[in-house]
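Undergrad: When we follow this note's numbering, the leftmost residue of the sequence shown carries the number 66, and every step to the right adds one.
The structure follows.
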Amino acid sequence: MRKLKSCGVIVMQTHPQMSFLLLCYPDRYDLPKGHIEAGEDDLACALRELNEETGIHADDIDIEPGFRFTDIYQTRYKRFPGEKIEKTLVIFLGFLKQEVKVKLNGHSDYLWVEWNPPHNIQERTINPLLKELQRYFTR
Numbered sequence: 066m067r068k069l070k071s072c073g074v075i076v077m078q079t080h081p082q083m084s085f086l087l088l089c090y091p092d093r094y095d096l097p098k099g100h101i102e103a104g105e106d107d108l109a110c111a112l113r114e115l116n117e118e119t120g121i122h123a124d125d126i127d128i129e130p131g132f133r134f135t136d137i138y139q140t141r142y143k144r145f146p147g148e149k150i151e152k153t154l155v156i157f158l159g160f161l162k163q164e165v166k167v168k169l170n171g172h173s174d175y176l177w178v179e180w181n182p183p184h185n186i187q188e189r190t191i192n193p194l195l196k197e198l199q200r201y202f203t204r
């Protein structure tokens, strides 16, 4: 079975209220993330994708060292018709140091979602991530 890895960052801001960033796709909301490239580690991939998709630089955020969400599941990709793919998703938690201007690349829009669990955004990956984040914050 073909294996792919995708890494990203859930970006949190604390002002004006605690909220997290989602990118708008035509059929869903998602986090800034993408596939790992040769020679990259997971964090380097996540930070590169964050910058490419939002214009947010690595020095604009503080990565929370105690949080790392990993999920492994099977899915399908249009570019591999008829194949099931084993996908590993790795998400880091980043807090904005100060307000930034989001500069989208390849997305129509974005939104800041107020942190007010429980959330119901996307059942497969985002909801489990947000549940794990809620557990992390209450420890």
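The beta-carbon is built from N, C-alpha and C at its ideal position, and this holds for glycine as well.
(1) Put TYR201 into one of helix, strand or coil per three-state DSSP.
(2) If I measure Cβ to Cβ from LEU112 and keep anything under 6 Å in the same chain, skipping five residues before and after, which residues do I get?
(3) Count the other CB atoms, across all protein chains shown, that sit within 10 Å of the CB of GLN78; report buried if there are 16 or more and exposed otherwise.
(4) Where do the N-terminal and C-terminal ends of the alpha helix (DSSP H) with GLU205 fall, by residue?
(5) On the criterion of 16 or more Cβ atoms from any shown chain inside 10 Å, does GLY159 qualify as buried, or is it exposed?
(6) Determine the closest residue to GLU164 out of TYR94, LEU115, GLU117, ILE121, with distance taken between C-alpha atoms.
(7) Which one of VAL155, THR140, ASP95, LEU108 has the shortest CA to CA distance from ASN185?
(8) Kindly identify the DSSP beta-bridge partner or partners of MET66.
(9) Going along the chain, which residues of its own chain have a beta-carbon closer than 6 Å to the beta-carbon of TYR201, five neighbours each way excluded?
(10) Which stretch, first to last residue, makes up the beta strand (DSSP E) that contains LEU87?
(11) Would you kindly work out how many angstroms separate the C-alpha atoms of ILE75 and THR190, rounded to a whole number?
(12) Counting only beta-carbon atoms, is ILE150 nearer than 8 Å to chain D?
(13) With which residues is GLY73 paired in a DSSP beta bridge?
TA: Reading from the atomic positions:
(1) helix
(2) ALA123
(3) buried
(4) No answer is possible for residue 205: it lies beyond the span of the chain, which begins at 66 and ends at 204.
(5) buried
(6) ILE121
(7) ASP95
(8) Answer is none; MET66 lacks a bridge partner.
(9) PHE132
(10) 84 to 89
(11) 12 Å
(12) This model lacks chain D altogether; it includes just one protein chain.
(13) LYS98, ILE156
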